[in-house]
Amino acid sequence: MYTRMMSNFICKLGVVVAIVGMFAKATVTTVKAQAMVDQDQTAASQSLESASIASQLTDLEQQYRGQLQEYRTAERTAQIAKTQLEQLDTLTALEDAVQATKASYVLRDQVLLTYVKQLRLRLIASLGIPLELKNTGIKRLEEDQTFLEKHLELSQQATTKEDITALADTFAILALELKADAFHNTSLLAFGKVQSAYDKSQALVAYTEQQIKHQKLSEVTRAQLTRNLAVIKELSTTTQQELQQVANTLATTKSNELDVSYYNQVAAKLSSPYSSISRMISFVEETARVRE
Amino acid sequence: MLENELESSELGTVASQTQFEGEEPLFAKLHRPSKPTDVTTANPNGVQQPHPWWKQPKKLGVVAVVILVMITVAGLLFMPASQQPVSTVPSTEPSLEPVTNDGFQQRLQEAQEALDQADPADNEFPIPPVDYEFRLFAQEKN
Numbered sequence: 033m034y035t036r037m038m039s040n041f042i043c044k045l046g047v048v049v050a051i052v053g054m055f056a057k058a059t060v061t062t063v064k065a066q067a068m069v070d071q072d073q074t075a076a077s078q079s080l081e082s083a084s085i086a087s088q089l090t091d092l093e094q095q096y097r098g099q100l101q102e103y104r105t106a107e108r109t110a111q112i113a114k115t116q117l118e119q120l121d122t123l124t125a126l127e128d129a130v131q132a133t134k135a136s137y138v139l140r141d142q143v144l145l146t147y148v149k150q151l152r153l154r155l156i157a158s159l160g161i162p163l164e165l166k167n168t169g170i171k172r173l174e175e176d177q178t179f180l181e182k183h184l185e186l187s188q189q190a191t192t193k194e195d196i197t198a199l200a201d202t203f204a205i206l207a208l209e210l211k212a213d214a215f216h217n218t219s220l221l222a223f224g225k226v227q228s229a230y231d232k233s234q235a236l237v238a239y240t241e242q243q244i245k246h247q248k249l250s251e252v253t254r255a256q257l258t259r260n261l262a263v264i265k266e267l268s269t270t271t272q273q274e275l276q277q278v279a280n281t282l283a284t285t286k287s288n289e290l291d292v293s294y295y296n297q298v299a300a301k302l303s304s305p306y307s308s309i310s311r312m313i314s315f316v317e318e319t320a321r322v323r324e
Numbered sequence: 327m328l329e330n331e332l333e334s335s336e337l338g339t340v341a342s343q344t345q346f347e348g349e350e351p352l353f354a355k356l357h358r359p360s361k362p363t364d365v366t367t368a369n370p371n372g373v374q375q376p377h378p379w380w381k382q383p384k385k386l387g388v389v390a391v392v393i394l395v396m397i398t399v400a401g402l403l404f405m406p407a408s409q410q411p412v413s414t415v416p417s418t419e420p421s422l423e424p425v426t427n428d429g430f431q432q433r434l435q436e437a438q439e440a441l442d443q444a445d446p447a448d449n450e451f452p453i454p455p456v457d458y459e460f461r462l463f464a465q466e467k468n
């Protein structure tokens, strides 16, 4: 009797396990497949996004070059008109000067607007920048873009010398902000590039380390390679510390400190980690040759 | 007397032998099981015990099928991910790469390219060279 009950129980258990197992399997398979599809879609959307940014940047670069050329011509014309006004002091000269200045202001705003748009996109597409700094930079550039669009609109509507004077006054304030943001964000881009090169060099170092670990080598060669790796890792640590210091500087800089000398200072600070990364890559190459 | 005794003795013999009527079929009262019942064996005490399931081919077959199903399910569940025909989407999971020089060269090239683009001395995107201070009329001093 007991044996029969056990036999029935095993049979039923088997059926239940089979059904549950098949269901679990189907669920796991579906979840895994969904996860893979999601990952693929994310990668594809990122790829599309970067392709879209690259395409937009190409268009903006062309636009920028054309606008800059036009601006230079307009600026020369405005300078001549201003000189003529100073020399002739006629109403015609005044009208010409106002129109020429207006044209140069419109083109200047357009050039700056295209520059800000490019800088924003470059910042979005860049790697290696701490996220907080990146987001702050993008936000500031978006604010600059809004101010420039308003200024451009006012420039296009200007007709009198008073309008031109008011435009010059508001631009003086806007230009300070704009230059500060440009210097800060180009510094961020420079930092991001060096950080990205560092990250790539670390991937190379890690790969080399793995290869050494899994390769059959003589004791002497292995010892030599281990010593090489120790030197590379020490260099890597120092470089990381230097990069962190630059990142701290970028995070704590005040707006009034941002001028052309600021970028030069950041560039000077980045030159040391940059050359360290170059050395690291050379050392890894040298280590690879030893293995061969 | 003797006749009576003989007669009674014959009657007794007949009574003690088969008593059936001529019209009744010979095996009418023979009990035949219509369906096979569980095969039981009698133990010494006279109590019938069922055969264990492993001695019954039918149940043995069922158990074997169940075990086979369980093994199949277990096999499917624990099959390595790489062997699963899940979908045609290529896996993005990192896999162990064979130790080849290609991987090294690729990483080296990537690092070198990143380094070439990262020279901080080259500011490839300087602020626009426009006149930020151009004014038609000198600014009024407050």
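Those protein sequences? They're chains G and X, same order as listed. Residue numbers for the first sequence follow this note's numbering, so the first one is 33 and each next one is one higher. Residue numbers for the second sequence follow this note's numbering, so the first one is 327 and each next one is one higher. Ideal Cβ positions, reconstructed from N, Cα and C, are used throughout, including at glycine.
In the structure shown, the three-state DSSP call for G:SER158 is coil. A check of alpha carbon separations from G:GLN273 across G:LEU89, G:GLU127, G:VAL130 and G:LEU302 identifies G:LEU302 as the nearest. Separation of the CB atoms of X:ALA464 and G:ALA299 is rounded to 36 Å, and the pair is thereby denied contact status at 8 Å. With respect to the 8 Å criterion, G:LEU236 and G:ILE313 are classified as neighbours on the basis of their beta carbons. Judged by DSSP in its simplified three-state form, X:PRO383 adopts helix. Shown in chain order are the members of the region 312-323 of chain G whose Cβ falls below 8 Å from a Cβ of chain X: ILE313, VAL316, GLU317 and ALA320. Contacts with chain G at 8 Å (Cβ-Cβ) do not include X:ILE397. For the pair G:ILE161 and G:PHE215, the CB atoms are not nearer than the 8 Å cut-off. Along the region 101-113 of chain G, the positions whose C-beta sits under 9 Å from a C-beta of chain X are TYR103, ARG104, GLU107, ALA110, GLN111 and ALA113, read in chain order. For X:ASP442, the enclosing alpha helix (DSSP H) has its first and last residue at 427-443. When rounded, the separation of the alpha-carbon atoms in G:TYR230 and G:THR281 is 18 Å. Annotated three-state conformation of G:LEU249 is coil, per DSSP. Residue range 163-189 is occupied by the alpha helix (DSSP H) that includes G:THR178.
Listed along chain X, the residues sitting closer than 8 Å to G:TYR306 by beta-carbon distance are LEU441, ALA444, ASP445 and PRO446. Using a Cβ-Cβ cut-off of 7 Å, G:VAL252 is close to nothing in chain X; its nearest Cβ partner there is about 20 Å away.
In the pairwise beta carbon analysis, the region 141-156 of chain G is classified as touching the region 454-461 of chain X: at least three pairs are separated by under 8 Å. DSSP, read as helix, strand or coil, puts G:ASP201 in helix. Residue-level contact check: G:GLN273 does not touch chain X, since none of the beta carbons of chain X fall below 8 Å from its beta carbon.
Looking at G:GLU107, G:GLU289 and G:VAL322, the one whose alpha-carbon comes closest to that of G:LEU257 is G:VAL322. One finds GLU107 in chain G with Cβ atoms closer than 7 Å to the Cβ of X:ASP457, taken in chain order. Contact between G:ILE244 and G:VAL316 fails: their C-beta atoms lie close to 11 Å from each other, not under 8 Å. Here G:ARG108 is exposed, its C-beta having fewer than 16 other C-beta atoms within 10 Å.
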